[in-house]
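Structure first, then comments.
Residue numbers (my numbering): 1 to 518.
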């Protein structure tokens with residue numbers, strides 16, 4: 001259009017300029033033709049046209065280059081997007097993410113290698129098994145405590161997942177296998193799968209992050225295991241100041257039978273405010289459990305502060321019962337490099353059977369209820385708890401999140417020339433598995449079933465030193481001294497002249513762990 005406009009303007013100008021000359025020529029006499037030069041206006045028009053063509057060609061080239069640059073920019077943005085999806089970020093392990101679609105995937109795992117020593121009652125070694133205690137399984141030992149591999153991530157629609165398998169001891173066991181849904185505009189998360197019922201601070205904290213090599217003894221004694229179930233969690237997602245958890249569960253996932261009639265209901269409530277530089281944890285939990293109808297009985301026992309041995313110094317044996325109820329309280333605080341934690345739980349065994357009731361129940365042809373274990377003349381109760389203090393010498397603060405201890409970030413990691421994190425912890429651990437349920441007719445029967453549960457009492461004094469050179473590597477050295485009073489082991493090993501509930505012995509334990517996680 002530009003070129004046509006210029007040509008028209010030139011032609012119009014030529015016509016206007018030539019009109020007066022043409023009129024004068026008609027009035028003037030004829031003259032001899034003369035040699036004339038080329039019309040300059042024609043040359044100007046040609047030059048203008050040629051210049052206009054060059055401008056148009058240049059403009060077209062510029063527009064083409066601009067289009068090509070825009071196309072390259074779009075292609076580059078596409079490459080960047082695809083590259084971001086293909087190249088993982090690093091969070092202890094590679095995490096692949098397509099945030100627009102809602103997919104993330106991260107492999108994970110950890111390994112724990114233990115070595116240690118569990119002493120003999122009062123230092124006296126015996127041959128074979130004495131009073132139910134296998135002395136061959138005491139002393140020095142080693143164990144791959146956990147070899148866990150799995151993955152976690154998210155799915156479109158605010159779904160999440162975690163899958164973990166434990167390959168320690170040459171077998172395959174199940175850790176957390178969970179599908180979650182997180183409500184965007186509500187303080188609610190739903191979990192379905194195999195996970196720990198909501199039972200205590202110690203239970204809910206990962207075994208990778210505890211202040212001791214093993215959880216408190218009451219968690220072992222009271223049989224807290226992962227179970228198949230569904231749970232609801234209400235929480236303050238903005239400030240993490242409260243947490244309410246409730247769930248109903250079947251039996252553990254590794255129960256291979258088809259008589260999975262046992263179940264558990266759990267409730268846990270926490271208030272977890274931050275007051276200045278101090279973080280508080282105040283809570284309570286409750287569990288109602290029913291045993292399998294086909295095996296109505298439960299055993300309560302615990303190991304000696306470490307799992308490098310399978311022996312237990314306190315043990316109730318299996319008690320014929322329908323189930324139990326447990327109530328626990330939790331308290332913890334973190335102030336800079338110092339932390340404090342304490343818990344206590346009491347369990348009430350429910351629906352025990354007398355000898356006559358046990359025989360009648362098992363002889364009933366109209367149901368499959370089968371009581372197993374020792375008959376009692378009443379319902380016993382047991383309790384346990386711990387108290388601990390811990391301190392970081394290197395300036396860290398023990399991490400806490402979502403109602404449990406979290407991974408502490410090392411301030412001066414080994415790879416940056418620092419010494420890592422060094423933490424010292426002390427704990428008093430106690431479990432009482434003895435209780436009188438009825439008065440005995442004679443003194444000789446006072447400390448035996450069906451009148452008395454002689455499971456024993458175990459007091460543990462523990463100290464641990466934990467070194468994290470970097471966030472994902474941990475070394476633990478732990479010492480513990482046990483004092484055991486009563487129970488089936490003391491009954492046949494020590495103080496034969498004392499009453500069964502007063503016989504006692506001491507045991508020293510030492511253990512160390514190397515742990516790596518990703």
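Think of the CB as a built atom: it goes at the ideal place given N, C-alpha and C, for glycine as much as any other residue.
None of these values were measured; they are calculated from a predicted model.
Please state whether the Cβ-Cβ distance between residue i and residue j is less than 9 angstroms.
i           : j           : result
residue 510 : residue 116 : yes
residue 300 : residue 272 : no
residue 281 : residue 341 : yes
residue 427 : residue 212 : yes
residue 505 : residue 220 : no
residue 131 : residue 490 : yes
residue 440 : residue 448 : yes
residue 154 : residue 229 : no
residue 327 : residue 285 : yes
residue 292 : residue 260 : yes
residue 208 : residue 407 : yes
residue 235 : residue 216 : no
residue 350 : residue 317 : no
residue 158 : residue 183 : yes
residue 357 : residue 303 : no
residue 456 : residue 486 : yes
residue 507 : residue 313 : yes
residue 462 : residue 484 : no
residue 425 : residue 389 : yes
residue 396 : residue 464 : no
Can you name the residues that DSSP bridges to residue i?
i           : result
residue 476 : 466, 513
residue 437 : Its beta-bridge partners do not exist; DSSP assigns none.
residue 266 : 247, 287
residue 335 : 278, 338
residue 103 : 98
residue 457 : 432, 485
residue 234 : 188, 244
residue 174 : 165
residue 358 : Its beta-bridge partners do not exist; DSSP assigns none.
residue 144 : 113
residue 408 : Answer by DSSP bridge pairing: none, since residue 408 is not bridged.
Return helix, strand or coil for residue i, following the three-state DSSP convention.
i           : result
residue 110 : strand
residue 314 : strand
residue 299 : strand
residue 394 : coil
residue 419 : coil
residue 169 : helix
residue 95  : strand
residue 369 : coil
residue 378 : coil
residue 219 : helix
residue 72  : helix
residue 239 : coil
residue 150 : strand
residue 495 : coil
residue 518 : coil
residue 256 : coil
residue 56  : helix
residue 137 : helix
residue 80  : helix
residue 203 : helix
residue 346 : strand
residue 305 : coil
residue 261 : coil
residue 443 : helix
residue 26  : At residue 26, the pLDDT of 45 sits below 50, so the modelled position is not reliable; the number obtained from the coordinates is stated separately. Helix.
residue 67  : helix
9 angstroms is my cut-off, CB to CB: does residue i come that close to chain C?
i          : result
residue 79 : The chain inventory of the structure shown lacks chain C, comprising one protein chain alone.
Less than 7 angstroms between C-beta atoms, sequence neighbours within five positions excluded: which residues of the same chain meet that for residue i?
i           : result
residue 218 : 345, 384, 385, 431
residue 377 : 354, 437, 438, 450, 451
residue 269 : 244, 283, 284
residue 362 : 370, 371
residue 252 : 225, 226, 227
Excluding sequence positions up to five away, which residues of its chain have a Cβ less than 8 angstroms from the Cβ of residue i?
i           : result
residue 63  : none
residue 156 : 101, 102, 103
Counting only the same chain and skipping the five closest in sequence on each side, list residues whose C-beta sits under 6 angstroms from that of residue i.
i           : result
residue 394 : 421, 422
residue 160 : 154, 180
residue 162 : 152, 176, 178
residue 96  : 88, 105
residue 146 : 112, 166, 168
residue 192 : 179, 230
Within 8 angstroms, do at least three Cβ pairs link the region 336-348 to the region 373-387? Put simply, the region 373-387 touches the region 336-348. At least three CB pairs are less than 8 angstroms apart.
Is there contact between the region 301-320 and the region 262-269, where contact requires at least three CB pairs shorter than 8 angstroms? Between the region 301-320 and the region 262-269, the count of C-beta pairs closer than 8 angstroms stays below three; the two stretches do not touch.
Touching by the beta-carbon criterion (3+ pairs, under 8 angstroms), the region 464-471 and the region 490-502: Judged by pairs of C-beta atoms under 8 angstroms, the region 464-471 does not touch the region 490-502, as fewer than three such pairs exist.
Three or more C-beta pairs below 8 angstroms linking the region 239-255 and the region 359-374: No, the region 239-255 does not touch the region 359-374.
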